[in-house]
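Scroll down for the structure; my scribbles are underneath it.
In full-length UniProt numbering, the protein residues as written are 1 to 257.
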């Protein structure tokens, strides 16, 4: 698989269309969720027929809904002021606002499902050509041939991961720079921000620590690689949980204050 976040680059061409680009991005990353969290589906079922169209869509909707309902409504509140003032106004509000934003009509519901499905499909196709022994190798046998003892498909995995991640970062920076600043009330770096980012950091650190403790340590470069991969996956999964939980706490604190 390409680095999971790199998959989100496929959403960029949809940024100015009727399809919700965020849903495309969620769909493009969702099939890898079993690597990070116990989501009830295994990795094979989210990447192979006949199940990936169903499992991928379910996970994609869950991830996108959590983003819209729990995390996005606090994004401006917990971001540094310079960043917060360039985020869209709808990146604040309540969980109810986020839920309503998912689909306000039958047409929007259909567009949401289409966007999620497109994202999932791009993930599976991308992985098909960047994994040795996958169906992409049957279509293009050269992908399974080795260069420096590494299959060409794996080289494409590394290259596409790097290029996708760099392109995504560049697009995000350009998007933010091009946005008009929106004044924000209060201090965006207050207690809510400190709590949110402390929780996220602690979550990632805890996940990494658990992975280090339970992952078998093997000698050699391959053992070190497997250990590092396990640490990154656990840290990413725990980070996601911490972000969702702390986002919910920030919203709850906002309501009771």
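Positions of the beta carbon are idealized from the N, C-alpha and C atoms, including for glycine.
Predicted, not measured: the structure shown is a model, and the values here were computed from it.
Could you tell me the distance, in whole angstroms, from the CA atom of residue i to the CA atom of residue j?
i: residue 16; j: residue 47; result: 28 Å
i: residue 128; j: residue 4; result: 14 Å
i: residue 39; j: residue 194; result: 29 Å
i: residue 226; j: residue 25; result: 27 Å
i: residue 115; j: residue 136; result: 24 Å
i: residue 23; j: residue 77; result: 22 Å
i: residue 245; j: residue 255; result: 16 Å
i: residue 192; j: residue 94; result: 15 Å
i: residue 180; j: residue 59; result: 33 Å
In three-state terms, what does DSSP make of residue i?
i: residue 2; result: Confidence at residue 2 is low in this model, with a pLDDT of 49, below 50, so the placement of that residue is unreliable and no value is reported for it.
i: residue 146; result: strand
i: residue 34; result: helix
i: residue 141; result: helix
i: residue 151; result: strand
i: residue 92; result: coil
i: residue 188; result: In this prediction, residue 188 scores a pLDDT of 48, lower than 50, which makes its location untrustworthy; the coordinate-derived value is nonetheless stated afterwards. Coil, per DSSP.
i: residue 85; result: coil
i: residue 43; result: coil
i: residue 182; result: coil
i: residue 216; result: coil
Taking the CB atoms as reference points, tell me whether residue i and residue j lie closer together than 7 Å.
i: residue 132; j: residue 153; result: yes
i: residue 42; j: residue 34; result: yes
i: residue 156; j: residue 9; result: no
i: residue 106; j: residue 69; result: no
i: residue 28; j: residue 123; result: yes
i: residue 75; j: residue 51; result: no
i: residue 207; j: residue 183; result: no
Would you give the residue range spanned by the alpha helix (DSSP H) that residue i belongs to?
i: residue 118; result: 106-128
i: residue 53; result: 52-66
i: residue 237; result: 220-256
i: residue 48; result: Per DSSP, residue 48 belongs to no alpha helix (DSSP H) and is neither H nor E.
i: residue 22; result: 21-29
i: residue 75; result: 75-78
Does residue i have its Cβ less than 7 Å from a Cβ in chain C?
i: residue 129; result: Protein chain content of the structure displayed is limited to a single chain, and chain C is not contained in it.
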